[in-house]
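Report on the following structure.
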């Protein structure tokens, strides 16, 4: 009987399993597991736990089952594969690319299929000639080997995967989900998001059929959630994930614009401190073709995992070559000493997990390491962990190969070096990179050419002294890179020191701390010593500016605190004098004594509290005084506000009065710039941000608001209040046909949120219409959430904006989960040239503005086709939300009837921006332009004003906006009367 090789045995075993029917296949697997588990060699702790045989075997069983379920190339007819013309995957073409999934087929299996002619790996460049090229192989899943590396070695170095939320974006056949569940022993929440319905069905079939196996190997636990949908619709899921795994998920299934939008969304919603494992490597080169408007290094921080890779390869060597002992180099018969180099194999592997671009560098490093072995002919086996170079594979990896001018590369234990791990450092703000609630990372990289520890100490001490001058407490840890064996004849020229300094948020006065040090194994050409230390000085200047700016931003807090202390002391003093005067003491020497006693008695507690406040802020007052001598940070400082002649410049200018910053303000009525006393008491003004400057509404046809337009859209809103909206529209707007009507329960008190999608072929328009809230518990719910939002309790929305919590929940349940988004997407695809009108009243108005911003941000439809018109809309979001609306939507109008109370909630504590800090202002509720104000009954031919400022001060008296009746009487009609009339057209239109 012929003896089978290991490869032949594997193939025969898999072929045998594939010939069994499903019922017997599971029984056969259980028999195999039970048989081998009884073998003491197999069930030993070293093989079961350390080497992880059972986990890989289970994953292989899933792969075997999937091979029977999916096509050879693991791409489905329902998928739309996009081949990019630019970017890292631009070399992949439709007819020359093979989609061979690494989870289903490892290198050995792939070679077997090539040898058997199952797949053809070459194509004809010039047919009828010998000019042929090898096809490009692409995998859309991580291999079993890669998963073992990620879950057993990479992630545990930084975070325990048990008890965490692991998210696989673009889960396809579910390979990563199965691996995450198994390697975490079923103790992690595993979520897979996949758009393709057929792939989700495959995942569910695998999970359901393999539940028993999963439970047996995961302590009886299986927690896998399969989500069918687009990641863009699941910001909350992305934001809850501790670990996110992505395998080049966007490149082959989205065009360039969609990729850009997806990456922007991912970076906006990553949870700070989460871990992202991505294949391929994420760097500036990867994003170059997308022309992103942010730097990837501001969002994610590459982790140092080179030691992890070293341990993984050592593990693989031991696992696959446990029988190997020492390898001897040199000729034993020669006169040279025979040397034993047991660990050289491992040493070289630990060094060469780098992205080398030049082969010569690798050769130089190997020669440097082997410099101590003085043989004329020496041999060595080299395993590189990089796939950037050409592979040369030989049958026996432990047979020495001759080292000449070429290094032969073995691919037996490679993990794709493009797999990189990152830690989320900063939540990215799309509108303004220095905006939002985030920390800003500043890095200093010091590269030195040190030849010994003494020189190293000199550099470290110099850096430490420079930082101490800036009052920065820095914990310096020295790192030296050892290459090979040091000897008197060998000098190592590649030590590096990497300091990573992170400036914290300005609320911490810009303090700097060394949060992490790296064991650098990256080999580069030596850099001149001390050349980059000048960056320390530049950094110190930046730090000083940040400290001073923090103090200036909080100047109002300090002034108010000081005034309170002063007034408290004066009040106590006056009270003491008053008491003494009433005592009518005749002895004059008692007068002064009584004054002192009573004064202390009255005001002691005020003085005590006041001095505590002063002590807390003394450092900040000193920094404020220091600003008298700092001129370079005064980019916005002017000699006099009156010198500024336009609003934009005025709102970004200030003067110094007794070392305090006084912001200039633009008087809208007089159109002049001045200080706090320059504008009339009742005149509106803009300050601290040019966004508040007046901008006139468009007057061109197609861009302006008309009363006829308002009445036409309002008739659609009123139709949602009827039991039969189709009948209502037939009477009022017969050209509009309802596509779908949506009615969902949107809060805990069982209030409903209602909306509809519609189309008018006559007007070439699509419609999204939302009904307003009822005059009952729902309106009360809105008022409660409005109060919370005044204190900054916002729910995160697109572009890092904030919206009221109640509105966000209603939007999620009605538009996202309720099916409205899918329906409007279908209509947009069916009628791509049509305009999209988005409208609603009250709560519906807020949902309308959120919908319009969402559709624009997700580029579901071009912004210039979106027409936003709302009625009685409250302040839906914060200051950033209003800016995002204006930036994204050129056509936008808010219709307001006289003193409608709903249009003035939630109120802003500081609508003019004169009191709060910049951070505080960003969290205040705010309006967007343009408000259309009817200060009348809104009857036909009544006039209206269009406000040029976001907060409507020029148009209406916000203090008088307290009438609930005005909210239910728009365009001179009562809602209930219009509904009872069956929507008679002549009443409204």
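In this note's numbering, the protein residues as written are 2 to 990. Glycine is no exception: its CB is placed at the ideal position from the N, C-alpha and C atoms. Everything numeric in this text was worked out from a predicted model, so none of it was measured.
Check: DSSP bridge partner residues for residue 687 (one or two, in chain order); Outcome: 667
Check: Cβ neighbours of residue 685 in the same chain (closer than 6 Å, five flanking residues each side left out); Outcome: 669, 954 and 955
Check: Closest by C-alpha distance to residue 932, when choosing among 247, 948, 925 and 910; Outcome: 948
Check: Three-pair Cβ contact test at 8 Å for the stretch 740-749 versus the stretch 805-820; Outcome: yes
Check: Where residue 699 sits in the DSSP three-state scheme; Outcome: coil
Check: Check whether residue 84 and residue 253 have beta carbons under 9 Å apart; Outcome: yes
Check: Residue range of the beta strand (DSSP E) that includes residue 761; Outcome: 753-761
Check: Residue nearest to residue 913 in terms of C-alpha spacing, selected from 884, 888, 944 and 950; Outcome: 950
Check: Through-space distance from residue 760 to residue 286, alpha-carbon basis; Outcome: 44 Å
Check: Cβ contact (3+ pairs, closer than 8 Å) linking the stretch 843-852 and the stretch 905-921; Outcome: no
Check: Residue 964 (DSSP reduced to helix, strand or coil); Outcome: strand
Check: N-terminal and C-terminal residue of the alpha helix (DSSP H) that residue 980 is part of; Outcome: 976-981
Check: 9 Å Cβ cutoff met for residue 195 and residue 167; Outcome: no
Check: The beta strand (DSSP E) enclosing residue 191, as first and last residue numbers; Outcome: 190-195
Check: Cutoff 7 Å; reference residue 135; Cβ partners in own chain excluding five residues on either side; Outcome: 122 and 123
Check: Beta-ladder partner(s) of residue 932, from DSSP; Outcome: 895
Check: Beta-carbon proximity check, residue 162 vs residue 181, cutoff 9 Å; Outcome: yes
Check: For residue 758, the nearest candidate out of 895, 878, 97 and 824 (CA to CA); Outcome: 824
Check: Secondary structure, beta strand (DSSP E): runs of 3+ residues fully inside the stretch 784-844; Outcome: 795-797, 803-805 and 836-842
Check: C-beta contact flag for residue 771 and residue 842 at 9 Å; Outcome: yes
Check: 9 Å Cβ cutoff met for residue 64 and residue 14; Outcome: no
Check: Meets three-Cβ-pair contact criterion under 8 Å: the stretch 243-250 and the stretch 272-291; Outcome: yes
Check: Coarse secondary structure for residue 767, derived from DSSP in three states; Outcome: strand
Check: Opening and closing residue of the beta strand (DSSP E) in which residue 727 lies; Outcome: It is not in any beta strand (DSSP E) - residue 727 instead sits in the alpha helix (DSSP H) that spans 726-733.
Check: Boundaries (first-last residue) of the alpha helix (DSSP H) holding residue 988; Outcome: 986-989
Check: Close-in-space but distant-in-sequence residues of the same chain around residue 270 (CB under 7 Å, 5 per side omitted); Outcome: 236, 239 and 240
Check: Backbone secondary structure at residue 151 - three-state DSSP; Outcome: helix
Check: Inter-residue spacing [alpha-carbon to alpha-carbon] between residue 74 and residue 81; Outcome: 14 Å
Check: Presumed contact (8 Å Cβ cut-off) between residue 646 and residue 655, rounded CB distance; Outcome: Between residue 655 and residue 646 the Cβ distance is about 16 Å, and since that is not below 8 Å, they are no contact.
Check: Proximity below 9 Å, CB of residue 839 to CB of residue 769; Outcome: yes
Check: Separation of residue 714 from residue 990, as counted between CA atoms; Outcome: 10 Å
Check: Which of helix, strand or coil DSSP assigns to residue 136; Outcome: coil
Check: Simplified DSSP assignment, three categories, for residue 1; Outcome: Given a span of 2 to 990 for the chain in the structure shown, any question on residue 1 remains unanswerable.
Check: CA nearest to the CA of residue 832, picked from 802, 855 and 866; Outcome: 866
Check: Segment contact, 8 Å Cβ cut-off, at least three pairs: the stretch 256-276 with the stretch 196-203; Outcome: no
Check: Integer Cβ distance of residue 743 from residue 821, believed to fall under 8 Å; Outcome: 5 Å
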